[in-house]
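In what follows, a structure is listed as structure tokens, so that the remarks can point back to it.
Residue numbers (this note's numbering): 927 to 1307.
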């Protein structure tokens, strides 16, 4: 009886450890997926709008992170802790093997996530083109109207009475493009007056500790005790460092109020002259974040939208047949004045030379909003 009881207790301990490590693996895998999507979003934006080439190290990381996410998800799906009532040595040994595999996968995912922070993700596709930033004035005027917003945000960074700037508008209107341009322009100018330029992708599922970890990497705090610190202790350490420096913090894709004080970020003021710029779809979030300057990004007028679409689809293609011209206008209208959709869908249609191909594209867009899945369908048709 005593031996059976001891075996059962030991088995329960193993199951408890498995559950704990499995939960950690699930959480870190979800965080890696968010980071993977963030990096891919930046890469696709430059590839689609600027015809730039992703860096080899970024491509390698994207492949590795994608493979790790799939492997971790398959492992979690197969993971089913056996009932503690079985209590046999065979089950205990099996449990121990499963736990070792989960622990190994957990470390691998954590390491890949740690290497997923990139200041620059693309380079010139021409021979000899090294890593580069994109200036405020976009090449070929492909982000019509956005250069004016970039200039406005840039001016806000140079005045002392504006500490928190909010960029808001519907999804696809170009908020991330503008934020990236300003971020890159700061990184380009080494004598920009800021000690730290920090980029954080926030996303829908707000994770304050994830924000703290990103800031910590950017400010170079490499103390190994970091992982064992509480959220409050991490916030205190970040505040201790940033309160002595001038920083520019860029927060992309904010869905709800980010408690910056809790995260450890000192409020910008006339004395520290630091800046916080964020993007959001919500005017309410701007208000909750204590924004001093709000910039609403509007959709393009029809005339500017049509010009942008023709520029990317190609005037020659659009005018090659009377029926194509008519359908092309309807396709452009489906983009709803959103620069990102106009550029990406316009380029996807550049190779379509027959009226039927354009009608097929219009049918697809009429049944689905413009997104990457739709673009794949357009490429196949």
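Glycine included, C-beta positions come from ideal geometry on N, C-alpha and C.
Decide if residue i is buried, meaning its Cβ has at least 16 other Cβ atoms within 10 Å, or exposed.
i: residue 903; result: What is shown of the chain runs 927 to 1307, which leaves residue 903 out entirely.
i: residue 1114; result: exposed
i: residue 1163; result: buried
i: residue 1193; result: exposed
i: residue 1119; result: exposed
i: residue 1293; result: exposed
i: residue 1279; result: exposed
i: residue 1284; result: buried
i: residue 1236; result: buried
i: residue 955; result: buried
i: residue 1160; result: buried
i: residue 960; result: buried
Apart from the five residues on each side of it in sequence, which residues of its chain come closer than 8 angstroms, Cβ to Cβ, to residue i?
i: residue 957; result: 1039, 1133 and 1136
i: residue 1036; result: 954
Residues in the same chain with beta-carbon distance under 6 angstroms from residue i, minus the five sequence neighbours each way, listed in chain order, please.
i: residue 968; result: 1047
i: residue 1196; result: 1086
i: residue 1238; result: 1269, 1272 and 1273
i: residue 1200; result: 1172, 1173 and 1194
Can you look up residue i in the DSSP assignment and give me helix, strand or coil?
i: residue 1196; result: coil
i: residue 1271; result: helix
i: residue 946; result: helix
i: residue 1253; result: helix
i: residue 1310; result: Limits of the chain in this structure are 927 at one end and 1307 at the other, which puts residue 1310 out of reach.
i: residue 1080; result: helix
i: residue 1259; result: helix
i: residue 1153; result: helix
i: residue 1088; result: coil
i: residue 1028; result: helix
i: residue 1062; result: Caution applies to residue 1062, whose pLDDT of 29 falls short of 50 and renders its modelled position unreliable; the value that the coordinates give is listed next. Three-state result, residue 1062: coil.
i: residue 1211; result: helix
i: residue 1243; result: helix
i: residue 1105; result: helix
i: residue 980; result: strand
i: residue 1145; result: coil
Let me check you understand the geometry: is the CB of residue i closer than 8 angstroms to at least one non-hydrogen atom of the ligand PLP?
i: residue 1167; result: No copy of the ligand PLP occurs in the structure displayed, which carries no ligand at all.
If you check the beta carbons only, do residue i and residue j fall under 9 angstroms apart?
i: residue 1275; j: residue 1251; result: no
i: residue 986; j: residue 965; result: no
i: residue 1223; j: residue 1104; result: yes
i: residue 1169; j: residue 1131; result: no
i: residue 1220; j: residue 1091; result: yes
i: residue 1141; j: residue 1189; result: yes
i: residue 1112; j: residue 1093; result: no
i: residue 1218; j: residue 1088; result: yes
i: residue 1178; j: residue 1126; result: yes
Keeping to the same chain, check which residues put their C-beta closer than 7 angstroms to that of residue i; ignore five residues upstream and five downstream.
i: residue 1167; result: 1145 and 1147
i: residue 1100; result: 1069, 1072, 1223, 1265 and 1266
i: residue 1231; result: 1258, 1261, 1263 and 1268
i: residue 1044; result: 965 and 984
Could you round the C-beta distance between residue i and residue j to whole angstroms and report it? I think they count as a contact, below 8 angstroms.
i: residue 1175; j: residue 1202; result: 5 angstroms
i: residue 1102; j: residue 1205; result: 6 angstroms
i: residue 1002; j: residue 1074; result: Residue 1002 to residue 1074, Cβ: 47 angstroms. No contact.
i: residue 999; j: residue 1031; result: At roughly 10 angstroms, the Cβ-Cβ gap does not stay under 8 angstroms, so residue 999 and residue 1031 are not in contact.
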